[in-house]
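Novice:
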Ligand SMILES: Nc1ncnc2c1ncn2[C@@H]1O[C@H](COP(=O)(O)OP(=O)(O)O)[C@@H](O)[C@H]1O
Ligand SMILES: [Mg+2]
């Protein structure tokens, strides 16, 4: 199929041709950026939490007031919860990834350093590693005797009594790599708060900070501090995925039986927590999918509309071409090639626009650079869309009878 | 060159059946110049569309170059049209979006031919109709006579052996018509077989033979070749090409 005469013919219908080219360019630019943003969101949702996502449930209770026997009561609860068939572990933990509360602190590498090197999430509570299903890759867990009570730690902080404070810590791999790149972390020390020294005794693979910041999402530490319900994000229970619903019900019943006056705030699976956290991302992705669909549909209708008009307008010349020896497939290809040329022009223009939009998004929102791969993907999408949209009119053109050349007035 | 035996063509619509050709028979020899006349609606154009393989017929037999074309598929017909037949229409039928040169190249795009060969042939055809100076003009920028010459160049570019013309001078004034007619006679002298439908008895008289169609049947076929005096004079010696 010779391209030059098609271009020559198009150049005689510049305005209509340019409109379609612009429409395709716009669709290309917006669609490639939108697809990229959707992928970004979806990737965000796939982030590794570090915990056993499918094996955890949470029962959260309202805190009534300062109870002197809070720790003892918690031990009773935990012992009872462990009795529920299918329960593997139970812990009181101060926070969870994606959940609505978080405890953070700054880390300094030297005792007299002025500014914090990084901010980290501080996880405390007994039995965290086995309950959350964290993976220890170096060093050891805290031994039971190393835990300090939360109340005692607070008092020690107020009186600056270093002896009553914890001095050992377990860190995530990402944090270790950030603080001591390329070096083994075990035995290394850092400082928090008022110059309190901590020594690393263990390293775990991942543990997300509850609020999942875009940088340093995995900078978390575990501290050997025992807590009661007051400081906890409720009881965290680990069980097999298929047991979660049953265990949740049984846990609620058990806790109610121990103390009928308790108010249960929430009971949910960790998956539900995670799902709720990404609500906005999902909604945004949904909107973007809608925008893409609407844009592609509009473009397809625009292409099909103009092609239909042109086929109708050229009915006679199609008949003449048929009389002069064009086969049906030659006519079909003419319109397909014409569409391919328009789409190619649109895509070329769209590439520039896509990069422009991305640069603008990068400047105004926290959007990363558009990877080059989205350009060929967008190009193929619009080429296919154009061919699909033009097929109907092109087939109609191919059916124009050769006698049209002789008959039509 | 072509032979039709008892060819019938029936157009059927929901309400009516039109017998455009009824038992139409005609034999045209290689190199003949036949004029087809007849009242409006008698079936002249129908005859040309069938002769030119633009549509199939209902009954009968049609041999083109001794080949039976009945029942040929669309691609085979397209190919034969492209290689053997040139068309000239009353309404010129140039493609308005293409310039003169591109218009003449159109039929050449439908055969395997290099761009250079296409260009060479198109230029030669335009030279022959005397429009070499108008290559980049668009049809709308030409007179009717010039447009019809371009159309003839387009028909000639593919080197057809059979030229079918449906009232080629019908849309032209007398002076332009004369020029076009002379060109057609010129092409005939160079060896092409020509079948021309015309309303004009004077033009018909310049053909070698007249076929009169009435009501879808060939009547009054004058079998004696008739030569126009002017034509005879020129065949005698002068073979120079007409120039515009
Ligand atoms: N596509 C068609 N459908 C129905 N009737 C047609 C069609 N084409 C031609 N006819 C009819 O066939 C007859 C012959 O038409 P045509 O060959 O065009 O005559 P002419 O060229 O001699 O004027 C006319 O009655 C015309 O109305
Ligand atoms: Mg007619």
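Residue numbers (my numbering), protein chains in the order written: chain A, 28 to 436; chain B, -5 to 238.
By construction, the Cβ of each residue, glycine as well, lies at the ideal position given by its N, Cα and C atoms.
#1: Looking at ligand 1, does it come within less than 6 Å of residue 213 (chain B), judged from the CB to the closest heavy atom?
#2: Quick check: the segment 92 to 101 of chain B against the segment 157 to 174 of chain B, are at least 3 beta-carbon pairs closer than 8 Å?
#3: Using a threshold of 7 Å, state whether the C-beta atoms of residue 117 (chain A) and residue 264 (chain A) are closer than that.
#4: Comparing the C-beta of residue 344 (chain A) with each C-beta of chain B, is any distance below 7 Å?
#5: Taking one C-beta from the segment 49 to 66 of chain A and one from the segment 388 to 406 of chain A each time, how about it: are there three or more such pairs within less than 8 Å?
#6: Which ranges would you report for the beta strand (DSSP E) in the segment 87 to 169 of chain A if only whole runs of at least 3 residues count?
#7: Distance, Cα to Cα, residue 219 (chain A) vs residue 79 (chain A)?
#8: Are residue 253 (chain A) and residue 174 (chain A) close, meaning C-beta to C-beta below 7 Å?
#9: Which residues end up in the neighbourhood of ligand 1 when you take C-beta atoms closer than 5 Å to any of its heavy atoms?
#10: Check each candidate in A:369, A:67 and A:216 and name the one with the smallest Cα separation from residue 41 (chain A).
#11: Evaluate residue 256 (chain A) with the Cβ neighbour count: other Cβ atoms within 10 Å of its Cβ, from every protein chain shown; 16 or more gives buried, anything less gives exposed.
#12: Report the residue from B:64, B:78, B:90 and B:12 whose alpha carbon sits nearest the alpha carbon of residue 36 (chain A).
#13: Since residue 159 (chain B) contacts residue 178 (chain B) with CB under 8 Å, what's their CB separation in whole angstroms?
#14: Looking at the structure shown, is residue 0 (chain B) part of a helix, part of a strand, or coil, going by DSSP?
#15: Hey, would you say residue 27 (chain B) sits closer than 7 Å to residue 188 (chain B), going by beta carbons?
#16: Within the segment 259 to 322 of chain A, note down every full alpha helix (DSSP H) run reaching 4 residues or more, in order along the chain.
#17: Apart from the five residues on each side of it in sequence, which residues of its chain come closer than 8 Å, Cβ to Cβ, to residue 14 (chain B)?
#18: Please name the residue in A:269, A:270 and A:425 whose C-alpha comes closest to that of residue 341 (chain A).
#19: Using the Cα positions of residue -4 (chain B) and residue 330 (chain A), report the straight-line distance between them to the nearest angstrom.
#20: Tell me which residues of the segment 48 to 79 of chain B have at least one Cβ-Cβ distance to chain A shorter than 9 Å, keeping chain order.
#21: Taking 8 Å as the threshold, find out whether the segment 162 to 177 of chain A comes into contact with the segment 228 to 238 of chain A through three or more Cβ pairs.
#22: On the criterion of 16 or more Cβ atoms from any shown chain inside 10 Å, does residue 241 (chain A) qualify as buried, or is it exposed?
#23: Helix, strand or coil for residue 39 (chain A), going by three-state DSSP, please let me know.
#24: Mind pulling the chain A residues with CB within less than 7 Å of residue 43 (chain B)?
#25: Using a Cβ-Cβ cut-off of 7 Å, state whether residue 350 (chain A) counts as contacting chain B.
#26: Can you tell me whether residue 116 (chain B) is helix, strand or coil according to DSSP?
#27: Run through DSSP, which three-state label would residue 391 (chain A) get?
#28: Strictly below 8 Å CB to CB, what residues from chain B border residue 423 (chain A)?
#29: Could you tell me which uninterrupted alpha helix (DSSP H) segments, each at least 4 residues in length, are contained entirely in the segment 143 to 184 of chain B, listed from first to last along the chain?
#30: Along the segment 315 to 349 of chain A, what residues have a CB closer than 9 Å to any CB found in chain B?
#31: Would you report the Cα separation of residue 217 (chain B) and residue 206 (chain B), rounded to the nearest angstrom?
Specialist: The answer reads as follows:
#1: Translated into positions along the second chain, residue 213 (chain B) becomes position 219. Checking the Cβ of residue 213 (chain B) against ligand 1 gives no.
#2: no
#3: Within the first chain, the letter at position 90 stands for residue 117 (chain A). Within the first chain, the letter at position 237 stands for residue 264 (chain A). Inclusion of residue 117 (chain A) and residue 264 (chain A) in the CB contact set at 7 Å is warranted, their separation being smaller than that value.
#4: Counting from one through the first chain, the residue named residue 344 (chain A) turns up at place 317. Yes - at least one Cβ of chain B is within 7 Å of the one on residue 344 (chain A).
#5: yes
#6: 114 to 119, 131 to 135, 145 to 151 and 163 to 166
#7: In the first chain, the residue the question calls residue 219 (chain A) occupies position 192. In the first chain, the residue the question calls residue 79 (chain A) occupies position 52. Residue 219 (chain A) and residue 79 (chain A): Cα-Cα distance of roughly 29 Å.
#8: By one-based count along the first chain, residue 253 (chain A) stands at place 226. By one-based count along the first chain, residue 174 (chain A) stands at place 147. In this structure, residue 174 (chain A) lies closer than 7 Å to residue 253 (chain A) by Cβ.
#9: B:5, B:12, B:14, B:34, B:35, B:36, B:37, B:38, B:39 and B:40
#10: Looking up residue 41 (chain A) in the first chain gives position 14. If we check each option's Cα against that of residue 41 (chain A), A:369 comes out closest.
#11: As a position in the first chain, residue 256 (chain A) is number 229, starting the count at 1. Buried, because 16 or more other Cβ atoms sit within 10 Å of the Cβ of residue 256 (chain A).
#12: Reading the first chain from its first residue, position 9 is the one you call residue 36 (chain A). Answer by Cα proximity: B:90.
#13: Locating residue 159 (chain B) in the second chain gives position 165, counting from the first residue. Locating residue 178 (chain B) in the second chain gives position 184, counting from the first residue. Between residue 178 (chain B) and residue 159 (chain B) the Cβ distance is about 7 Å, and since that is below 8 Å, they are a contact.
#14: The residue given as residue 0 (chain B) occupies position 6 in the second chain. DSSP places residue 0 (chain B) in strand when its eight states are reduced to three.
#15: Reading the second chain from its first residue, position 33 is the one you call residue 27 (chain B). Reading the second chain from its first residue, position 194 is the one you call residue 188 (chain B). Cβ atoms of residue 27 (chain B) and residue 188 (chain B): closer than 7 Å.
#16: Contiguous alpha helix (DSSP H) elements confined to the segment 259 to 322 of chain A occur at 271 to 285 and 297 to 304, taking only those with 4 or more residues.
#17: Against the second chain, residue 14 (chain B) aligns to sequence position 20. Closer than 8 Å at Cβ, skipping near neighbours: 3, 4, 5, 37, 40 and 210.
#18: In the first chain, the residue the question calls residue 341 (chain A) occupies position 314. Comparing Cα positions, the closest option is A:425.
#19: On the second chain, position 2 is the one that residue -4 (chain B) refers to. On the first chain, position 303 is the one that residue 330 (chain A) refers to. Rounded to whole angstroms, residue -4 (chain B) to residue 330 (chain A) spans 45 Å at the Cα level.
#20: 48, 49, 68, 69, 71, 72, 73, 74, 75, 76, 77 and 79
#21: yes
#22: On the first chain, residue 241 (chain A) is found 214 positions in, with the first residue counted as 1. The C-beta of residue 241 (chain A) has fewer than 16 other C-beta atoms within 10 Å across all chains shown, which makes the residue exposed.
#23: Walking along the first chain from the start, residue 39 (chain A) turns up at place 12. Residue state, collapsed to three classes: helix.
#24: Counting from 1 along the second chain, the entry for residue 43 (chain B) is found at position 49. Correct list: 430 and 433.
#25: Within the first chain, residue 350 (chain A) is the residue found at index 323, counting from 1. Chain B, which has a Cβ nearer than 7 Å to the Cβ of residue 350 (chain A), makes this yes.
#26: As a first step, residue 116 (chain B) is located in the second chain; it is residue number 122 there, counting from the start. Here residue 116 (chain B) carries a helix assignment [DSSP, helix/strand/coil].
#27: Taking the first residue of the first chain as 1, we reach residue 391 (chain A) at position 364. It is helical.
#28: Counted from its first residue, the first chain places residue 423 (chain A) at position 396. The premise fails here: residue 423 (chain A) is roughly 16 Å from chain B at the closest Cβ pair, so nothing lies under 8 Å.
#29: 168 to 183
#30: 341, 343, 344, 346, 347, 348 and 349
#31: On the second chain, position 223 is the one that residue 217 (chain B) refers to. On the second chain, position 212 is the one that residue 206 (chain B) refers to. With a pLDDT of only 48 at residue 217 (chain B), under 50, the local geometry of the prediction cannot be trusted, and the value read off the model is given with reservation. Residue 217 (chain B) and residue 206 (chain B): Cα-Cα distance of roughly 12 Å.
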